[in-house]
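Notes for the one structure printed next.
In UniProt numbering, the protein residues as written are 1 to 386.
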């Protein structure tokens, strides 16, 4: 497939409607849905030592002001630095061009994937191990965290609770007033009753029952959306040996370890970097993008927890990374243990952004992937010894 055809296919994919648009979520979604499931966003502002030790060395100042100097511990650091500068320059120029184009969210996402994420993953040092993906497939719903502390009182029968008694003032007003005066009087001391028996005051009438964007957004639906990250970086299926691949297939078929988190299986394993890329709009897409990234990251952590349950004796990865963008504005963070850890920092230049991604890629190849292989080796050795 030619490069132009490949880019056209990517653009077609990115323009598909997404079912979990953050603009349709309630402003209370973070507190009413994510927080009860222990998905807490922006709660770490001073990096604890135990978390700092898990981060790539280059990102241990992730909560500090940006630095203009990037240091890399990867192999071929000089070659990588030049690659970073090249990719950053292209992405910067494309972002500048798109900045004046309304409704350019798909184009931003396309350039982020094709000009940065995918090309970094194809770097010679990483291309066998890493895979970049821009599929719009849903995650397994079973990976979604649930409320860890369900309240048993909700299971009590409804007869346990005392019903709300009728308002005597409202009932009297309804009996005394004629239809004409009921609709025309604006006396603030008179309470009217609607057909559903709920009282209200005509001086402050209820909002229109017609659906609108604002009224819909103010009513949280109470459910955690099934994540569908726009872009991810993960371990390639080809990076695993035959025995490892067979074990992963067995786990996947029996839903023990969903190393491919998609409901429809593909050729990726163990995502560790999640992107949510939005356009620049007036109603603030970035908060919704952060909520989506937090949900997707929590699913990735649950995936790692399911692997840890198969082998409790090996130190497995406990952290994944997320990136949210609103047009050319970039925001990075980390997600750990699906409890109360998460942080972010603003990244102000394209070079720094690409350099941060490169550090996460290095960590994925040099730390994340070896830890997973070590765990699977231990499990296979135990099976052979049994």
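Here a beta-carbon is modelled for each residue, glycine too, at the ideal position from N, C-alpha and C.
Please read all numbers here as calculations on a predicted model, not as lab measurements.
- Message: Considering only their Cβ atoms, is the gap separating residue 234 from residue 272 smaller than 9 angstroms?
- Response: yes
- Item | Cβ-based burial, residue 56 [other Cβ within 10 Å; buried from 16] | buried
- Task: Would you grab the beta carbon distance between residue 120 and residue 358 for me? Rounded to a whole angstrom, and I think it's under 8 angstroms.
- Result: 6 angstroms
- Query: Thinking just about the alpha-carbon of each residue, which of 323, 371, 87 is nearest to the one in residue 277?
  - Reply: 323
- Task: In angstroms with no decimal places, state the Cα-to-Cα distance between residue 259 and residue 241.
- Result: 15 angstroms
- Determine, using beta carbons only, whether residue 274 and residue 308 come nearer to each other than 9 angstroms. no
- Task: May I ask you to report which of helix, strand or coil DSSP gives residue 99?
- Result: Here residue 99 sits in coil by DSSP.
- Message: Restricting to Cα atoms, I'd like to know which of 144, 229, 270 is closest to residue 249.
- Response: 270
- Report the partner residues of residue 262 according to the DSSP bridge assignment. In the DSSP output, where bridge partners are listed per residue, residue 262 has 139.
- Item | Inter-residue Cα distance where the pair is residue 379 and residue 34 | 34 angstroms
- Coarse secondary structure for residue 94, derived from DSSP in three states: helix
- Using a threshold of 9 angstroms, state whether the C-beta atoms of residue 29 and residue 254 are closer than that. no
- Task: Decide if residue 208 is buried, meaning its Cβ has at least 16 other Cβ atoms within 10 Å, or exposed.
- Result: Per-residue confidence for residue 208 stands at a pLDDT of 38, beneath the threshold of 50, marking its modelled position as unreliable; the derived number appears in the next sentence. That one is exposed.
- Compute the Euclidean distance between the alpha carbons of residue 404 and residue 132, then round it to the nearest angstrom. Only positions 1 to 386 of the chain appear in this structure, which leaves residue 404 out of reach.
- Please classify residue 215: is it buried, with 16 or more other beta-carbons within 10 angstroms of its beta-carbon, or exposed? Unreliable placement is indicated for residue 215, whose pLDDT of 36 sits below 50; the coordinate value is still reported in the next sentence. Exposed.
- Verify whether the separation of the beta carbon atoms of residue 227 and residue 313 is less than 9 angstroms. Their beta carbons are not under 9 angstroms apart, which means residue 227 does not touch residue 313 by this criterion.
- Message: What does the Cβ neighbour count give for residue 256, buried or exposed, with the cut at 16 atoms within 10 Å?
- Response: exposed
- Message: Using the Cβ count rule (16 or more neighbours within 10 Å means buried), how would you classify residue 114?
- Response: buried
- Message: Once DSSP output is grouped into helix, strand and coil, what is the label at residue 275?
- Response: strand
- Those residues which DSSP pairs with residue 132 across a bridge: 233
- Message: For residue 88 and residue 264, what's the separation of their Cα atoms in angstroms?
- Response: When rounded, the distance between both Cα atoms is 33 angstroms.
- Task: Kindly give me the distance between the Cβ atoms of residue 239 and residue 108, rounded to whole angstroms, as I take these residues to be in contact under 8 angstroms.
- Result: No, residue 239 and residue 108 are not in contact; Cβ-Cβ is about 30 angstroms, not under 8 angstroms.
- Task: Pull up the distance between the alpha-carbon of residue 125 and that of residue 101, whole angstroms please.
- Result: 36 angstroms
- With which residues is residue 268 paired in a DSSP beta bridge? DSSP lists 236 as partners of residue 268.
- How would you call residue 79, buried or exposed, if buried means at least 16 neighbouring beta carbons within 10 angstroms? exposed
- Alpha-carbon spacing of residue 54 relative to residue 354, whole angstroms: Per the coordinates, the alpha-carbon of residue 54 lies some 20 angstroms from the alpha-carbon of residue 354.
- Item | Residue environment, residue 243, which counts as buried when at least 16 other CB atoms sit within 10 Å | Exposed, since its Cβ has fewer than 16 Cβ neighbours within 10 Å.
- How long is the line joining the alpha carbons of residue 32 and residue 39, rounded to whole angstroms? For residue 32 and residue 39, the distance between alpha carbons rounds to 11 angstroms.
- Query: In three-state terms, what does DSSP make of residue 79?
  - Reply: helix
- Cutoff 6 angstroms; reference residue 371; Cβ partners in own chain excluding five residues on either side: 316, 317
- Task: Evaluate residue 381 with the Cβ neighbour count: other Cβ atoms within 10 Å of its Cβ, from every protein chain shown; 16 or more gives buried, anything less gives exposed.
- Result: exposed
- Beta-carbon separation (whole angstroms), residue 230 vs residue 134, contact threshold 8 angstroms: 7 angstroms
- Closest to residue 306 by CA distance: which of 376, 111, 77 is it? Of all alpha-carbon atoms in 376, 111, 77, the one lying nearest the alpha-carbon of residue 306 is that of 376.
- Are residue 350 and residue 83 touching if we call contact CB-CB under 9 angstroms? no
- Query: Under three-state DSSP, which class holds residue 374?
  - Reply: If DSSP states are grouped into helix, strand and coil, residue 374 belongs with the helices.
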